[in-house]
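K.L.:
Under my numbering, the residues of the sequence shown are numbered -3 to 128, in order. For every residue, glycine included, the Cβ atom is placed at its ideal position computed from N, Cα and C. Supplied in structure tokens, the structure appears directly below.
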Amino acid sequence: MLTRREVFTRFLQCLVAGSSLYIVWKYVRGTGLSSLEVNFSKPPKEGEVLFSQGSYLVGLKQGPIAFSARCPHLGCRLEYAAMVQHFQCPCHGSQFALEGRRLKGPAKKRMTILDLRMDDRCGAYKITLPLS
Ligand code: FES
């Protein structure tokens, strides 16, 4: 039979353990956001590359296209090399054409295409950037 003191002590231990688990769970889950909406106020001209918050908006002949700036190899941030008009990865040297096609390097896939929508009210472009 437990004394009142033992019951109270176990209650406190459970409370502390539960609080700790909750804090860890909140930390692991982060903000709870699974995606980020990135806005571009104007469409890119043909051949123009715009960057904002981990995403590129590229003006192609057939219209704008949005890419994640994360390299499909191991996730380094791709840089746009305007002089040669392609994307390159500073980590292991993968290169990608303006339309996201893989040119060379250890990456096996093309650049990740993101969901792109145009806001009819103001002509701005919105990109949905996954945060995983
Ligand atoms: Fe980009 Fe390896 S992370 S090539």
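Report the rounded CA-to-CA distance for Arg106 versus Gln84, giving the unit in angstroms.
P.N.:
12 Å
K.L.:
Taking only runs of the beta strand (DSSP E) that begin and end inside the segment 8 to 70, which ones reach a length of at least 3 residues, in chain order?
P.N.:
31 to 36, 45 to 48, 51 to 56 and 59 to 64
K.L.:
Taking just the CA atoms, how far does Phe47 sit from Gly89?
P.N.:
20 Å
K.L.:
Counting Cβ pairs closer than 8 Å, one from the segment 86 to 100 and one from the segment 112 to 119, do we hit at least three?
P.N.:
no
K.L.:
Determine whether the beta carbon atoms of Tyr18 and Pro60 lie at a separation below 8 Å.
P.N.:
No; because the gap between Cβ atoms is not below 8 Å, this pair is not in contact.
K.L.:
Identify, in the order they occur along the chain, each residue of the same chain with its Cβ nearer than 8 Å to the Cβ of Glu33, setting aside the five sequence neighbours on each side.
P.N.:
Lys122, Ile123, Thr124 and Leu125
K.L.:
Strictly by DSSP, which residues pair up with Pro126?
P.N.:
Ser31
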